[in-house]
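Visitor: Position 106 of the sequence shown, counted from 1, bears residue number 106 in our numbering, the numbering being contiguous throughout.
Built from N, CA and C at the ideal position, the CB exists for glycine as well.
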Amino acid sequence: MYLNNLSQGDKVQWHGYIWNRLSIPNYRFIIWLATLDKLKTRFRLHRMGIATDCSCPICGIQLETVAHLFFECTYSVECGTAVMKWLAFSHCKSGLNALLRWVHRTASSEFRRRVAYTATAAAIVYHVWKARNSCIWQLQVPSIQKLVKDIQGDVKYRVQHLISKKVSSSDLLWFHSL
1 MYLNNLSQGD KVQWHGYIWN RLSIPNYRFI IWLATLDKLK TRFRLHRMGI ATDCSCPICG
61 IQLETVAHLF FECTYSVECG TAVMKWLAFS HCKSGLNALL RWVHRTASSE FRRRVAYTAT
121 AAAIVYHVWK ARNSCIWQLQ VPSIQKLVKD IQGDVKYRVQ HLISKKVSSS DLLWFHSL
């Protein structure tokens, strides 16, 4: 009876990008909230009547929305570009869903696709959100180099410990060259 009364949620295409074993669980949660546009940004808090300042705490130029924080703010754009360059992908796209679709289409193998959009995209979102919180609570913005280094370390460590024996030798070479 209970199961019959449950409403079926919307089917989404991105669930595999987020709920996978290559992403660290904390990162999965933050990217899930970001994908749903449910992170407590200053703009959302302002709409709820909680915050008075809506500006991005990192750049101070635009409203702090999920779209701005992760794909328009110069800080996150530079971070995303550096990480994509590290992965040998060309450029960050203009939104989280656009980035995930783009990586899915352009990655040359399933392993590279999974490393890029499951582990790395989640790490970028998590670390930018963490930097945003550090900016608000400690009044410090970590350098882009530090952020990129942290993302690289987290992704390499996580993937290295979960790597399958079925991964091709060319993909292993690619991964170990990172």
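Please return the same chain residues whose Cβ sits closer than 6 Å to the Cβ of residue 172, not counting the five positions on each side in sequence.
Guide: Here residue 172 refers to the residue found at position 172 of the sequence shown. Excluding residues within five positions, none has a Cβ falling inside 6 Å.
Visitor: Per DSSP, what are the beta-bridge partners of residue 55 in this structure?
Guide: Stepping through the sequence shown from its first residue, residue 55 is reached at position 55. Residue 55 pairs with 63.
Visitor: Pop quiz: residue 79 and residue 147 are said to be a contact at Cβ under 8 Å. What is the actual Cβ separation, rounded to whole angstroms?
Guide: Against the sequence shown, residue 79 aligns to sequence position 79. Against the sequence shown, residue 147 aligns to sequence position 147. Between residue 147 and residue 79 the Cβ distance is about 5 Å, and since that is below 8 Å, they are a contact.
Visitor: By a C-beta neighbour count over all protein chains shown, 10 Å radius and 16 as the cutoff for buried, is residue 88 buried or exposed?
Guide: On the sequence shown, residue 88 is found 88 positions in, with the first residue counted as 1. Residue 88 should be labelled exposed.
Visitor: Give the secondary structure of residue 133 by DSSP, where H, G and I count as helix, E and B as strand, and everything else as coil.
Guide: Start at 1 with the first residue of the sequence shown, and residue 133 comes out as number 133. Three-state result, residue 133: helix.
Visitor: Check this for me: beta carbons of residue 135 and residue 50, under 8 Å apart or not?
Guide: The sequence position of residue 135 within the sequence shown is 135, counting from 1. The sequence position of residue 50 within the sequence shown is 50, counting from 1. Not in contact: residue 135 and residue 50 (Cβ atoms no closer than 8 Å).
Visitor: Output needed for residue 159: all residues of its chain with C-beta closer than 8 Å, excluding positions within five of it in sequence on either side, in chain order.
Guide: Indexing the sequence shown from 1 puts residue 159 at position 159. Around residue 159: 22, 115, 119, 175.
Visitor: Verify whether the separation of the beta carbon atoms of residue 111 and residue 167 is less than 8 Å.
Guide: As a working mapping, residue 111 is identified with position 111 in the sequence shown. As a working mapping, residue 167 is identified with position 167 in the sequence shown. Yes, the Cβ-Cβ distance between residue 111 and residue 167 is below 8 Å.
Visitor: Around the C-beta of residue 186, are 16 or more other C-beta atoms found within 10 angstroms, so that it is buried, or is it exposed?
Guide: For residue 186 there is no data in the structure shown, the boundaries of the chain being 1 and 178.
Visitor: Take residue 123 and list the residues in its own chain whose beta-carbon comes closer than 7 Å to its own, dropping the five residues that flank it on each side.
Guide: Residue 123 sits at position 123 when you count from the first residue of the sequence shown. Cβ within range, chain order: 27, 151, 154, 155.
Visitor: Consult DSSP for residue 121 and reduce its assignment to one of helix, strand or coil.
Guide: Residue numbering aside, residue 121 sits at position 121 when the sequence shown is read from its first letter. Residue 121 falls in the helix class under three-state DSSP.
Visitor: Where does residue 61 land, buried or exposed, given buried means 16+ other C-beta within 10 angstroms?
Guide: Reading the sequence shown from its first residue, position 61 is the one you call residue 61. Residue 61 is exposed by the Cβ-count criterion.
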